[in-house]
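According to full-length UniProt numbering, the stretch in the sequence shown is residues 1 to 517, in order. Built from N, CA and C at the ideal position, the CB exists for glycine as well.
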Amino acid sequence: MSTTTAKKAPADIGFIGMLRWAWRQLTTMRSALILLLILALAAIPGSLLPQRIQDPAKVTQFIEDNPGIGPVLDAVQLFDVYASVWFAAIYILLMISLVGCIVPRSRQHWKAMRQAPPRAPRRMTRLPGYQAFTASGTAEDLLTAAEARLRKLGYRTTRHGNAVAAERGYLRETGNLLFHLSLLGVTVTMAVSALVGYSGQRILVEGDTFTNSLVAYDSFEPGSYFSADRLDDYRLRLDSFDASFDGTAAGNQFGQPRSFEAEVTTIQGDAETARTLRVNEPIRIDGSRVYLTGNGYAPDITVRDGEGNVTYSGPVVFLPQDGVYTSRGVVKVPDAAPDQLGFIGILLPTAAQNSEGELVSQFAELRNPYLVMNVFAGDLGLDSGIAQSVYELDTDGLDQLAAADGQPLQLYLKPGETAELPDGLGSVELTDIKRYVALDIRHDPTQGVMLVCTVLLLIGLGLSLFIPRRRMWVRATDEDGEVSAEVGALARSEDPRVAQAAESLAVELNNSPSRKA
Numbered sequence: 001m002s003t004t005t006a007k008k009a010p011a012d013i014g015f016i017g018m019l020r021w022a023w024r025q026l027t028t029m030r031s032a033l034i035l036l037l038i039l040a041l042a043a044i045p046g047s048l049l050p051q052r053i054q055d056p057a058k059v060t061q062f063i064e065d066n067p068g069i070g071p072v073l074d075a076v077q078l079f080d081v082y083a084s085v086w087f088a089a090i091y092i093l094l095m096i097s098l099v100g101c102i103v104p105r106s107r108q109h110w111k112a113m114r115q116a117p118p119r120a121p122r123r124m125t126r127l128p129g130y131q132a133f134t135a136s137g138t139a140e141d142l143l144t145a146a147e148a149r150l151r152k153l154g155y156r157t158t159r160h161g162n163a164v165a166a167e168r169g170y171l172r173e174t175g176n177l178l179f180h181l182s183l184l185g186v187t188v189t190m191a192v193s194a195l196v197g198y199s200g201q202r203i204l205v206e207g208d209t210f211t212n213s214l215v216a217y218d219s220f221e222p223g224s225y226f227s228a229d230r231l232d233d234y235r236l237r238l239d240s241f242d243a244s245f246d247g248t249a250a251g252n253q254f255g256q257p258r259s260f261e262a263e264v265t266t267i268q269g270d271a272e273t274a275r276t277l278r279v280n281e282p283i284r285i286d287g288s289r290v291y292l293t294g295n296g297y298a299p300d301i302t303v304r305d306g307e308g309n310v311t312y313s314g315p316v317v318f319l320p321q322d323g324v325y326t327s328r329g330v331v332k333v334p335d336a337a338p339d340q341l342g343f344i345g346i347l348l349p350t351a352a353q354n355s356e357g358e359l360v361s362q363f364a365e366l367r368n369p370y371l372v373m374n375v376f377a378g379d380l381g382l383d384s385g386i387a388q389s390v391y392e393l394d395t396d397g398l399d400q401l402a403a404a405d406g407q408p409l410q411l412y413l414k415p416g417e418t419a420e421l422p423d424g425l426g427s428v429e430l431t432d433i434k435r436y437v438a439l440d441i442r443h444d445p446t447q448g449v450m451l452v453c454t455v456l457l458l459i460g461l462g463l464s465l466f467i468p469r470r471r472m473w474v475r476a477t478d479e480d481g482e483v484s485a486e487v488g489a490l491a492r493s494e495d496p497r498v499a500q501a502a503e504s505l506a507v508e509l510n511n512s513p514s515r516k517a
C-alpha cells in the first residue's frame with residue numbers, strides 16, 4: 001500500500017503582503033544602484049539627439065530630414081528627454097529607493113555606534129587573522145597594554161573578563177550613508193533647479209546687442225516656478241568673433257577647428273566690462289552663465305525691389321551644413337514690389353571646383369567666399385497665419401526665376417558685388433559677411449547647494465572605499481609564571497590586511513617596553 005504526501009500550496013500573501021514585498025525590493029541598495037544605472041542609460045539619448053530645450057531649430061530640422069523615424073522619436077519624448085514622463089518616473093523611483101534605503105540603515109548605524117564591541121569568540125583560531133604567543137609578565141599587564149595600543153590605533157575598546165574587545169571603521173558606514181545622502185541631495189537639487197531656474201538661447205551677430213528680457217530670446221525654457229521678474233538686468237554685445245582652423249596639417253587633421261573666441265562686452269547700468277567667451281568656458285553675469293554653443297556666418301544682404309526701394313537690409317543667419325562651413329539660409333522679402341521675393345542661398349567660405357566641376361567649399365575660413373542664390377517670386381504665404389521657419393522657404397506659392405537660357409536662375413556673389421534680377425524685379429547685393437555665435441544662457445540658483453552636495457558625495461565615497469571596518473580581540477591567561485595570549489582579527493568587509501593587523505599587534509604586545517617594565 002503506497003501513500004502519497006500532498007504538497008501544501010504556498011500561502012497567499014494578499015494585496016498588502018505584495019505591497020510590502022515590493023517596498024522591500026524597491027528600498028534595497030541593489031535596486032537603488034540598478035535605478036541609478038537605468039537613469040544614466042536613459043540620459044544617453046539626450047546627448048545623442050538634439051533637444052528642444054537647447055536647439056529647437058535642430059529638432060525641427062532632424063524631424064524634417066527623417067520623416068519616418070523623426071515623428072516616432074518625438075512621440076516618445078526623445079527630443080525632450082529630461083522633461084519626459086518616463087525620465088521623471090525613473091527619477092522619482094530613485095529618490096524613493098534612496099530614502100527607503102537610507103533611513104533604516106541610518107537607524108541601525110546609530111545603534112551600532114553606541115553599542116560596545118562584542119565579546120571575543122570562543123575559538124579565535126577560526127578568524128582570518130590569528131596569532132598566539134607566550135610572554136613573561138602578567139595577563140593584566142598585557143591586557144592593559146593591548147587596550148592602550150588599540151585605542152591609539154583608533155579602536156573603541158571594552159574589557160570582557162580576560163579579553164579585550166575592540167572595533168574601528170565606523171566611518172566606513174558613515175561615509176556610505178553620507179554618499180547616498182549626498183546623492184539624494186544632488187537628485188533633489190537638480191529637481192529644484194528645474195523648477196526655479198531657466199535656460200534660453202539666442203543667436204547674436206557681430207555688432208548686435210542682446211538685452212536680457214523674454215522677448216529677446218530666440219527660445220526660452222522657464223522652470224515651473226520661474227518668474228520673469230527675477231531676470232537679471234544686463235545687456236551683452238558681441239564685439240567680434242574669431243575662429244581658427246588648421247590649414248597646414250595633412251590628412252584628417254586638415255581644417256580641424258583649433259579655437260573659438262568671442263569678444264563680448266557686458267553692460268550693467270553704466271558699467272561696461274570686456275570679456276572673452278570660449279567653448280566650455282562660460283562667463284558669469286550675476287546669477288546667470290552664458291555658454292558659447294555654436295557659430296557660423298551671417299551674410300549682410302541688401303535687396304532692392306523693381307522701384308529701387310531698399311526692401312531688405314541686414315545680416316542673415318546661415319546654418320553650417322558640414323565641417324567646412326558650407327552654410328544654408330533663406331531671405332524673405334515680403335515688402336518687395338511688384339512681387340514678393342524669396343531667396344535660398346548657399347554660402348561657400350572658400351569656394352573651389354571639385355573634380356566634377358561643381359562649386360564646393362574646401363575650407364572653413366573666408367578665403368574665397370561665394371554666395372550662391374536661387375530666386376523665387378510670388379506669394380510668400382506670410383499672411384496665412386501659419387508659422388514658418390526662418391531657416392526654410394515654402395515655395396508652394398512661388399515661381400522660381402529663370403535665366404535667359406530658360407534654366408533656373410542662380411546668382412553668384414562675392415562681398416561688395418550686386419546682381420540684377422530679371423523682369424525688372426530689382427537687385428540683390430552682398431554687402432559683407434559677418435560672424436555670429438549661438439549662446440545658451442542658464443540661470444541656476446541652486447549651484448552652491450549642488451557644489452556642497454557634490455563635495456560631500458566625494459568625501460563619503462572616499463570614506464566608504466578606503467576605511468576598513470575591523471574587529472580585534474586580545475585574550476590573555478596566566479599559566480605557570482607565563483602569559484598565554486591570543487590575538488584575533490575579523491573584517492566586516494573585504495580587507496586583505498586583516499591577518500597582517502593581527503600579526504603586527506601580537507609583535508608589538510610581545511615586545512612592549514611599558515609592559516616589560
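Residue i vs residue j beta-carbon contact at 7 Å
i           : j           : result
residue 185 : residue 168 : no
residue 120 : residue 475 : yes
residue 84  : residue 32  : no
residue 139 : residue 483 : yes
residue 339 : residue 286 : no
residue 225 : residue 196 : yes
residue 430 : residue 320 : no
residue 410 : residue 376 : no
residue 437 : residue 212 : no
residue 173 : residue 109 : yes
residue 460 : residue 68  : no
residue 427 : residue 284 : no
residue 58  : residue 71  : no
residue 498 : residue 489 : yes
residue 446 : residue 162 : no
residue 364 : residue 391 : no
residue 38  : residue 102 : no
residue 256 : residue 270 : no
residue 209 : residue 230 : no
Which of helix, strand or coil DSSP assigns to residue i
i           : result
residue 510 : helix
residue 516 : Confidence is the limiting factor: at residue 516 the pLDDT is only 47, short of 50, which leaves the residue's position unreliable, though a coordinate-based value still follows. Here residue 516 sits in helix by DSSP.
residue 2   : Because the pLDDT of residue 2 is 49, which lies under 50, any placement of that residue in the model is unreliable, and the number read from its coordinates should be weighed accordingly. Here residue 2 sits in coil by DSSP.
residue 210 : strand
residue 87  : helix
residue 222 : strand
residue 115 : coil
residue 418 : strand
residue 236 : strand
residue 267 : strand
residue 64  : helix
residue 204 : strand
residue 400 : strand
residue 128 : coil
residue 272 : strand
residue 257 : strand
residue 59  : helix
residue 497 : coil
residue 15  : helix
residue 52  : coil
residue 394 : coil
residue 38  : helix
Per DSSP, the bridge partner or partners of residue i
i           : result
residue 262 : 241, 277
residue 303 : 312, 428
residue 473 : 165, 488
residue 288 : 285, 443
residue 295 : 437
residue 133 : 485
residue 479 : 482
residue 199 : 221, 442
residue 410 : 374
residue 544 : There is simply no residue 544 to check, as the chain begins at 1 and stops at 517 in what is shown.
Completely contained beta strand (DSSP E) runs for the region 143-192, where each covers 3 or more residues: You should have 156-160, 163-168.
Validate contact between the region 198-216 and the region 126-133 using beta carbons, cut 8 Å, 3 pairs: Touching, no, given that fewer than three Cβ pairs across the two stretches are closer than 8 Å.
Whole runs of the alpha helix (DSSP H) within the region 304-389, excluding any shorter than 4 residues: Complete alpha helix (DSSP H) runs here, min 4: none at all.
The region 415-432 / the region 366-377 touching (three or more Cβ pairs under 8 Å): By the criterion of at least three beta-carbon pairs nearer than 8 Å, the region 415-432 is in contact with the region 366-377.
Sufficient close CB pairs (3 or more, under 8 Å) joining the region 74-81 to the region 44-56: Result yes; three or more Cβ-Cβ pairs closer than 8 Å.
Segment contact flag, the region 322-336 with the region 452-472, C-beta cutoff 8 Å, min 3 pairs: Taking a cut-off of 8 Å on C-beta distances, the region 322-336 does not touch the region 452-472, as fewer than three cross pairs fall below it.
Touching by the beta-carbon criterion (3+ pairs, under 8 Å), the region 104-123 and the region 465-480: Verdict: yes, contact present.
At least 3 beta-carbon pairs within less than 8 Å: the region 260-272 vs the region 239-252: Yes, since at least three Cβ pairs between the region 260-272 and the region 239-252 fall closer than 8 Å, the two stretches touch.
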